[in-house]
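Engineer: Respectively, the protein sequence lines represent chains A and B. Quick note: the first sequence uses full-length UniProt numbering, first residue 1, plus one each step. Quick note: the second sequence uses full-length UniProt numbering, first residue 1, plus one each step. By construction, the Cβ of each residue, glycine as well, lies at the ideal position given by its N, Cα and C atoms. This one's a predicted model, so the numbers in the text were calculated from it and none came from an experiment. To start, I am sharing the structure in question, which I have written as structure tokens.
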Amino acid sequence: MKLSALHQSYLNRRRSPLDSSVDAPSKSFLAVFWLVLHCLCCLISLLLGFRFSRLVFFFLVSTPSSSNLYSPPFRPDLPPPRIDLTPSNATTAEAKTSSSRVVVGRHGILIRPWPHPDPVEVMKAHRIIERVQREQKAVFGAGAKGSRTVIAVTPTYVRTFQALHLNGVMHSLMLVPYDVVWIVVEAGGVSNETASIVGKSGVRVIHVGFDQRMPNTWEDRGKVEVLMRLRALRVVKEEKLDGVVMFADDSNMHSMEFFDEIQNVKWFGAVSVGILAHSGNAEEMVMSMDKRREMEEEESSSLSSLPVQGPACNATDKLIGWHVFNTLPYAGKSAVYIDDVAAVLPQKLEWCGFVLNSRILWDEAESKPEWVKEFGLLNENEGVESPLSLLNDPSMVEPLGSCGRQVLLWWLRVEARADSKFPPGWVIDPPLEITVAAKRTPWPDVPPEPPTKKKDQMSLSQGNNNVVVIPKHQQQQQQRSSKVRKPKRRSKRNKHEAKPTDTATQVSSSTKHHQERN
Amino acid sequence: MIRSSLSVILLFLFLSASSAEHNARTERISGSAGDVLEDNPVGRLKVYVYDLPSKYNKKLLQKDPRCLTHMFAAEIFMHRFLLSSPVRTRNPDEADWFYTPIYPTCDLTPTGLPLPFKSPRMMRSAIQLISSNWPYWNRTEGADHFFVVPHDFGACFHYQEEKAIKRGILPLLQRATLVQTFGQRNHVCLDQGSITIPPFAPPQKMQAHYIPPDIPRSIFVYFRGLFYDVNNDPEGGYYARGARAAVWENFKNNPLFDISTDHPTTYYEDMQRSIFCLCPLGWAPWSPRLVEAVVFGCIPVIIADDIVLPFADAIPWEEIGVFVAEKDVPELDTILTSIPTEVILRKQRLLANPSMKQAMLFPQPAQPGDAFHQILNGLARKLPHDRSIYLREGEKVLNWTAGPVGDLKPW
């Protein structure tokens, strides 16, 4: 078959493929000739040990003046001349049965001089890929199903754990695939501290100050938080923000599915919240667990021991009530002050478990259903405890997350001690001085460093860490004191420096009993 | 009052805007014949199906059921579709088109390749039968008959291009309309009035491999297949006119080009993760890759000079695919990266149009807008027949003894 193919191609290159009027005798002569050639090539291949290509004969036999030459593969720099097989036909337009411009036969394999990727092309291709993926995301991804803006309401105030909590909420909001408007209400007025944290979020932030200071007990704090949230809802009303309002308390943790699920809310929805009533005291936890188990054994199950707060549904997925966190085991042992080492209990119904369509808060009465109270007329002093106070008919709440079966966010309250302090902006300023004990200095004859610092002595005495960090003001204090005593009592200086040593270890170790100036 | 009418207008605008946004996902396709992809052929034409003895169709299929799954299976499925279609008429006098249910490609080697050597004889024998048993063939010498010839070079009945060109279209079929997969301009084996169809690709097999459309397309160019046909063309230069070999030699080191001869099990999934899919010619210019690329939303890069793509009058292929001349293959990366992104996105929108995907498939049972309906639409667009096809009494145009001697033997 190969023989005949080459044979044919050779013939084609000499004449038109349609020209079937080949002389019979010349054909037989050619056939014999090719057979002889074939045998010759086989013999040569046997001799040489590799396959001897008959292409050589093509190039020997075919003349350069032939108009049917296609350049060989090893002449890559020249583009092959593509010449019509029957150029005469190209001129005659009437000849509809002209032969195809595409020729049957052997063609050269075109290889460009540098068959490697061009970096400019690669960059262009990557830009195309990125644009296509963006379009895919816009058409098929999160933005497709008519996504609504998520309006997050966060009451916060400046304290040690604020950075921890607020960063957590901020990262969750940054990952949300929908548009986000973050309303941060700060007790004690707008501060740079909070502004510097939320400014890094990249989402639209509305930072509102609230004139009251955050009180020290959990109960009062809850009340103030309610007022702050209502303040935020007023912002939503005034700015006519459109979207789904959710309450992102700054110490909560949200799952990404939560944000997908709340897109489905029509007017007012409720989700199940996991309640993590954590206290720092492990014994307390164990005791409360035991007590709960006792209670469960005594009475069968009227109180759920699940740490969940959320909507309760019947078998047909209709809202019939609310699961509330069982606080009885913690009775009398819950935290009262913010820094109590005891379990922090939630309210009956935490605000974070509810989401609402922002249009509920708007002024025009047309858009809202009748079972929603007019937000503008709400009297805050009447004691708004849970968002259900915004409704006339609490049974119209939509249970989300497959009717409350999915817990989509977790409620937690963890705060530091009341007197805990932290560096402003979590930047240690002025900078500390770090000295490293140099056991082998390049100047071995240099005496030990003058006693202004005396770290190496201390570090030697510590033995654990080579890096001893001492806050400079204490060091200065020490310097001042040591400067005074420097010439007189060397021995006492050691004792005197023993104290800063203690604080030094405290600085480098845990911050449990951390006492640093604000 | 004014306020309510204003709100009505606003609502209307909002609705129209939202519907326009929804349509931004796809775009309507209209080719040179207009917006005809969704036309319904029922009522526009009538087809009479000849009743041939089963040795021409059913017995062949019984002998080798592989004919139902290879890429030439369109001829069998077309027959089945027509038998139960509303365009079928049992009264041949009112028929516009006549269909001969013959499966000329159903003669397979043990490895599954069809042998075309007996096909001309089978066709001849079938035509002799219908011309002697019914008067409709002789009335027009086949000008209102159509045949489905999905083989490599259509009705030239050979897999080798030079031999096919030499044979030419079977003389008896020169007046009939041929429905074939092969299409190349100015080629002997493509008659002027032929309808080009896509090769058969099993729809269920492809639909079983769908992945969610939001998975990002991260492969720039994708191709799986042979570059050198070492069995038949070891030196290269013959197979694909050297184009596939050129693709390999120029782009085997290019990370943007995911090309190889491997056949992975994730072939269909990978196509859905690619932006461009190469559809170069092989021994024949057409291949099922085009169908696969369209179904999976990958822009086809067609490297086949002068090719005629399926349903070329209904589908504007220049707007959907990228055509690269074989001589431009070494600059393929430059060509593809210099396409503006808006053009690429528009092509993807056109490909996402469900009627585009439907038009390339042969689903069982037939669905509206699929390839069967496109064939009937194509036939309907050729109606009404020109008066001149009806021959006078005793007039003969076809030469029944033309062609190689071997064809004249009875089948």
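(1) With DSSP collapsed to three states, give me the class of Thr334/B.
(2) Between the region 294–302 of chain B and the region 274–281 of chain B, are three or more C-beta pairs nearer than 8 Å?
(3) Using a beta-carbon distance below 7 Å, is Ile275/B in contact with chain A?
(4) Could you tell me which of Gly369/B, Thr337/B and Gln348/B sits nearest to Pro119/A, measuring between CA atoms?
(5) Between the C-alpha atoms of Gly401/A and Leu408/A, what's the straight-line distance to the nearest angstrom?
(6) Comparing the C-beta of Leu135/B with each C-beta of chain A, is any distance below 7 Å?
(7) Rounding to the nearest angstrom, what Cα-Cα distance links Ile169/B and His187/B in this structure?
(8) Closest to Asp321/A by CA distance: which of Leu328/A, Gly310/A and Thr327/A is it?
(9) State yes or no: is the beta carbon of Met207/A nearer than 7 Å to at least one beta carbon in chain B?
(10) Is the Cβ of Pro177/A closer than 7 Å to any Cβ of chain B?
(11) In this structure, how does DSSP classify Leu172/B when only helix, strand and coil are distinguished?
(12) I believe Gly199/A touches Asp214/B by the beta-carbon criterion, under 8 Å. Please report the beta-carbon distance rounded to the nearest angstrom.
(13) Closer than 8 Å, Cβ to any Cβ of chain B: which residues of the region 111–126 of chain A, in chain order?
(14) Between the region 342–349 of chain B and the region 62–82 of chain B, do at least 3 Cβ pairs fall closer than 8 Å?
(15) State the CB to CB distance for the pair Ala187/A and Tyr157/A, rounded to an integer number of angstroms; the pair is presumed to be in contact (CB under 8 Å).
(16) Output yes if chain A places a C-beta closer than 7 Å to the C-beta of Pro110/B; else output no.
(17) Beta carbons nearer than 8 Å to chain A: which residues of the region 164–175 of chain B have them?
(18) Going by Cα to Cα distance, which pick from Trp137/B, Gln272/B, Gln128/B and Ile127/B is closest to Glu395/B?
(19) What in chain B is Cβ-close to Gln136/A, meaning under 9 Å?
(20) Using DSSP bridges, identify the partner residues of Ser334/A.
(21) Counting pairs of beta carbons, one from the region 53–65 of chain B and one from the region 357–371 of chain B, are three or more of them closer than 8 Å?
(22) Does DSSP classify Cys156/B as helix, strand or coil?
(23) For Pro354/B, name the three-state secondary structure that DSSP assigns.
(24) What distance in whole Å lies between the Cβ atoms of Pro101/B and Tyr56/B, which are believed to be in contact at a cut-off of 8 Å?
(25) Listing by chain order, which chain A residues have their CB less than 7 Å from the CB of Asn399/B?
(26) On a CA-only basis, which of Leu43/A, Lys373/A and Gly404/A is nearest Asn314/A? Give me that one, please.
(27) Just the C-alpha distance for Trp158/B and Arg112/A, rounded to the nearest angstrom, thanks.
(28) Near Glu27/B, which residues of its chain fall below 6 Å by C-beta distance, leaving aside the five closest residues on each side in sequence?
(29) Closer than 6 Å by C-beta to Thr160/A: which residues in its own chain qualify, once you throw out the five before and the five after it? Chain order, please.
(30) Can you confirm whether Gly141/A, when its beta carbon is compared against all beta carbons of chain B, has any partner nearer than 7 Å?
(31) Would you tell me roughly how many angstroms separate the C-alpha atoms of Ile197/A and Arg148/A, rounded to the nearest one?
(32) Please confirm if Glu269/B has its CB atom under 7 Å from at least one CB of chain A.
(33) Rounded to whole angstroms, what is the Cα-Cα separation between Gln212/A and Val343/B?
(34) In the DSSP assignment, find the unbroken beta strand (DSSP E) run with Ala270/A in it and report its ends.
(35) Hey, is Asp35/B's beta-carbon within less than 7 Å of any beta-carbon in chain A?
(36) Going by CA-CA distance only, name the one from Val203/A, Leu306/A and Glu350/A that's closest to Pro329/A.
Structural biologist: Judging by the given coordinates:
(1) If you number the second sequence from 1, residue 334/B lands on position 334. Look at Thr334/B here: in three-state DSSP terms it is helix.
(2) Touching, yes, given that three or more Cβ pairs across the two stretches are closer than 8 Å.
(3) For the purposes of this step, residue 275/B is taken as the residue at position 275 of the second sequence. Yes, its Cβ sits closer than 7 Å to a Cβ of chain A.
(4) Translated into positions along the first sequence, residue 119/A becomes position 119. For the residues Gly369/B, Thr337/B and Gln348/B, the minimum Cα distance to Pro119/A belongs to Thr337/B.
(5) Looking up residue 401/A in the first sequence gives position 401. Looking up residue 408/A in the first sequence gives position 408. In a straight line, the C-alpha of Gly401/A is about 7 Å away from that of Leu408/A.
(6) Translated into positions along the second sequence, residue 135/B becomes position 135. One detail in the question is off: residue 135/B reads as Pro in this sequence, not Leu. Not one beta carbon of chain A lies nearer than 7 Å to the beta carbon of Pro135/B.
(7) Walking along the second sequence from the start, residue 169/B turns up at place 169. Walking along the second sequence from the start, residue 187/B turns up at place 187. Cα-Cα distance, rounded: 10 Å.
(8) Here residue 321/A refers to the residue found at position 321 when the first sequence is read from its first residue. In the sequence under discussion, the amino acid at residue 321/A is Gly, which differs from the Asp named in the question. For the residues Leu328/A, Gly310/A and Thr327/A, the minimum Cα distance to Gly321/A belongs to Gly310/A.
(9) As a first step, residue 207/A is located in the first sequence; it is residue number 207 there, counting from the start. Note on residue identity: the sequence assigns His, not Met, to residue 207/A. False, the Cβ-Cβ gap to chain B never drops below 7 Å.
(10) Against the first sequence, residue 177/A aligns to sequence position 177. It does not: the Cβ of Pro177/A has no partner Cβ on chain B nearer than 7 Å.
(11) In the second sequence, residue 172/B corresponds to position 172, counting from 1. Secondary structure of Leu172/B (DSSP, three-state): helix.
(12) Here residue 199/A is taken as the residue at index 199 of the first sequence, counted from 1. Here residue 214/B is taken as the residue at index 214 of the second sequence, counted from 1. That belief does not hold up - the Cβ atoms of Gly199/A and Asp214/B are roughly 32 Å apart, past 8 Å.
(13) Residues passing the 8 Å Cβ filter: Ile111, Arg112, Pro115, His116, Pro117, Asp118, Glu121, Val122, Lys124 and Ala125.
(14) No, the region 342–349 of chain B is not in contact with the region 62–82 of chain B.
(15) For the purposes of this step, residue 187/A is taken as the residue at position 187 of the first sequence. For the purposes of this step, residue 157/A is taken as the residue at position 157 of the first sequence. Between Ala187/A and Tyr157/A a beta carbon distance of about 4 Å is seen, short of the 8 Å cut, so the two are scored as contacting.
(16) On the second sequence, position 110 is the one that residue 110/B refers to. With a threshold of 7 Å between beta carbons, Pro110/B makes no contact with chain A.
(17) Listed by position along the chain: Ile165 and Lys166.
(18) In the second sequence, counting from the first residue as 1, residue 395/B sits at position 395. Cα-wise, what sits closest to Glu395/B is Trp137/B.
(19) Reading the first sequence from its first residue, position 136 is the one you call residue 136/A. Here the neighbours are Pro213, Asp214, Ile215, Pro216, Arg217 and Gln348.
(20) Here residue 334/A refers to the residue found at position 334 when the first sequence is read from its first residue. DSSP, once it has assigned bridges, lists Ala343/A as partnering Ser334/A.
(21) Judged by pairs of C-beta atoms under 8 Å, the region 53–65 of chain B does not touch the region 357–371 of chain B, as fewer than three such pairs exist.
(22) Sequence index remark: in the second sequence, residue 156/B carries index 156 (1-based). Here Cys156/B sits in helix by DSSP.
(23) Numbered from 1 along the second sequence, position 354 holds the residue referred to as residue 354/B. Here Pro354/B sits in helix by DSSP.
(24) The sequence position of residue 56/B within the second sequence is 56, counting from 1. The sequence position of residue 101/B within the second sequence is 101, counting from 1. With a Cβ gap of about 7 Å, Tyr56/B and Pro101/B count as contacting.
(25) Walking along the second sequence from the start, residue 399/B turns up at place 399. Ordered by position in chain A, no residue passes the 7 Å Cβ test against Asn399/B, which lies about 16 Å from the chain.
(26) On the first sequence, residue 314/A is found 314 positions in, with the first residue counted as 1. It is Gly404/A.
(27) Your numbering for residue 158/B matches position 158 in the second sequence. Your numbering for residue 112/A matches position 112 in the first sequence. Inspection of the sequence shows that residue 158/B is occupied by His rather than by Trp. Going by the C-alpha atoms only, they are around 34 Å apart.
(28) Taking the first residue of the second sequence as position 1, residue 27/B is located at position 27. Closer than 6 Å at the Cβ level, and outside the excluded window around Glu27/B, lie Arg349 and Leu350.
(29) Counted from its first residue, the first sequence places residue 160/A at position 160. Correct list, in chain order: Ala416, Ser420 and Phe422.
(30) Taking the first sequence and counting its residues from 1, one reaches residue 141/A at position 141. Taking Cβ atoms only, chain B reaches closer than 7 Å to Gly141/A, which makes this a yes.
(31) Working through the first sequence from its first residue, we reach residue 197/A at position 197. Working through the first sequence from its first residue, we reach residue 148/A at position 148. Each residue's Cα considered, the two are about 25 Å apart.
(32) Along the second sequence, one-based indexing puts residue 269/B at 269. Among the CB atoms of chain A, none fall inside 7 Å of the CB of Glu269/B.
(33) Translated into positions along the first sequence, residue 212/A becomes position 212. Translated into positions along the second sequence, residue 343/B becomes position 343. Distance between the alpha carbons of Gln212/A and Val343/B: 58 Å.
(34) The residue labelled residue 270/A in the question sits at position 270 within the first sequence. In this chain, the beta strand (DSSP E) harbouring Ala270/A covers Phe268 to Ala270.
(35) Translated into the one-based positions of the second sequence, residue 35/B becomes position 35. So no, Asp35/B is outside the interface.
(36) Locating residue 329/A in the first sequence gives position 329, where the first residue counts as 1. The shortest C-alpha separation from Pro329/A is found at Leu306/A.
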